[in-house]
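J.:
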Amino acid sequence: MDLLTPVLIGIGLSMDCFAVSLALGSITRSGLTRAAFLIAFFFGAFQGGMTVLGWAAGISVLGFISVYDHWIAFILLLIIGGKMISESIDGEEEKAPVDTLKIFPLVALSLATSIDALAVGFSFGILRNAVLIPALIIGIVCGAISFAGVMLGEQLEDLLGKKMEIAGGLILIMIGVKVLVEHLVL
8 MDLLTPVLIG
18 IGLSMDCFAV
28 SLALGSITRS
38 GLTRAAFLIA
48 FFFGAFQGGM
58 TVLGWAAGIS
68 VLGFISVYDH
78 WIAFILLLII
88 GGKMISESID
98 GEEEKAPVDT
108 LKIFPLVALS
118 LATSIDALAV
128 GFSFGILRNA
138 VLIPALIIGI
148 VCGAISFAGV
158 MLGEQLEDLL
168 GKKMEIAGGL
178 ILIMIGVKVL
188 VEHLVL
């Protein structure tokens, strides 16, 4: 496999991560660079890891997971997006925002945005393509795009204020709905 293909796949897989990263950047109150690196690491690692996992899974495991993967992603994104919207509407300035830098929210968001990488990895297995280098490239591309999303999200927060946090929550919910609709219709 050439190097351009996994880069393009990585860009495609990163779009959900980018949208979530924008939302996370908009609610990060301090340590933006640290947060951006942490989010980029988790999102990149999950995209690459799920690609490898999909490659290794096989038809029987993927068939079982594909029955539920869209529901898992939908529920995780709905909960986190709903919490972001709720906390921004409360209007209590002293209230702490959703701490997206804790392990559970990071893992939940990383898992929810990397479900498609599982299917990509599975297709690599069917085609008998090597997976480690493409998965590494996909993870790096996703990490870089996620980092940029966090940094840009902070800029948007400065311009739009609380509206950006509401928009971020709505984006998470819309991504969850999109995943659910795509899997239920197809």
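Residues 8 to 193 (our numbering) make up the sequence shown, in order.
Backbone N, C-alpha and C fix where the C-beta goes; we use that ideal spot for every residue, glycine too.
Can you tell which of Val192, Leu191 and Val186 has its C-alpha closest to the C-alpha of Leu20?
T.: Looking up residue 20 in the sequence shown gives position 13. Answer by Cα proximity: Val186.
J.: To the nearest angstrom, how far is it from the Cα of Ile46 to the Cα of Val192?
T.: As a position in the sequence shown, residue 46 is number 39, starting the count at 1. As a position in the sequence shown, residue 192 is number 185, starting the count at 1. Each residue's Cα considered, the two are about 31 Å apart.
J.: Between which two residues does the alpha helix (DSSP H) harbouring Leu59 extend?
T.: Here residue 59 refers to the residue found at position 52 when the sequence shown is read from its first residue. The sequence given here places Val at residue 59; Leu does not occur at that position. Run containing Val59: Leu39 to Ala64, per the alpha helix (DSSP H) assignment.
J.: Within the same chain, show all residues whose beta-carbon is closer than 6 Å to that of His190, passing over the 5 residues directly before and after it, in chain order.
T.: What you label residue 190 is simply residue 183 of the sequence shown in a count that begins at 1. So the list reads His77, once near-sequence residues are dropped.
J.: Pick out whichever of Ala63, Leu143, Ala155 and Val184 has its Cα sitting closest to the Cα of Arg41.
T.: In the sequence shown, residue 41 corresponds to position 34, counting from 1. For Arg41, the nearest C-alpha among the options comes from Ala155.
J.: Are Gly61 and Ala126 close, meaning C-beta to C-beta below 8 Å?
T.: Translated into positions along the sequence shown, residue 61 becomes position 54. Translated into positions along the sequence shown, residue 126 becomes position 119. Result yes, Cβ atoms of Gly61 and Ala126 sit closer than 8 Å.
J.: Measure from the alpha carbon of Leu118 to the alpha carbon of each residue in Asp9, Ile34 and Phe81, then state which is nearest.
T.: What you label residue 118 is simply residue 111 of the sequence shown in a count that begins at 1. If we check each option's Cα against that of Leu118, Phe81 comes out closest.
J.: Tell me whether Leu166 sits in a helix, a strand or coil according to DSSP, three-state version.
T.: On the sequence shown, position 159 is the one that residue 166 refers to. Here Leu166 sits in helix by DSSP.
J.: In whole angstroms, give me the CA-to-CA distance for Arg36 and Ile173.
T.: The sequence position of residue 36 within the sequence shown is 29, counting from 1. The sequence position of residue 173 within the sequence shown is 166, counting from 1. Those two C-alpha atoms are separated by around 15 Å.
J.: On the three-state DSSP scale, how would you describe Ala103?
T.: One-based indexing of the sequence shown puts residue 103 at position 96. Unreliable positioning characterises Ala103 in this predicted model, as indicated by a pLDDT of 44, which lies under 50. The coordinate reading is nonetheless provided below. Here Ala103 sits in coil by DSSP.
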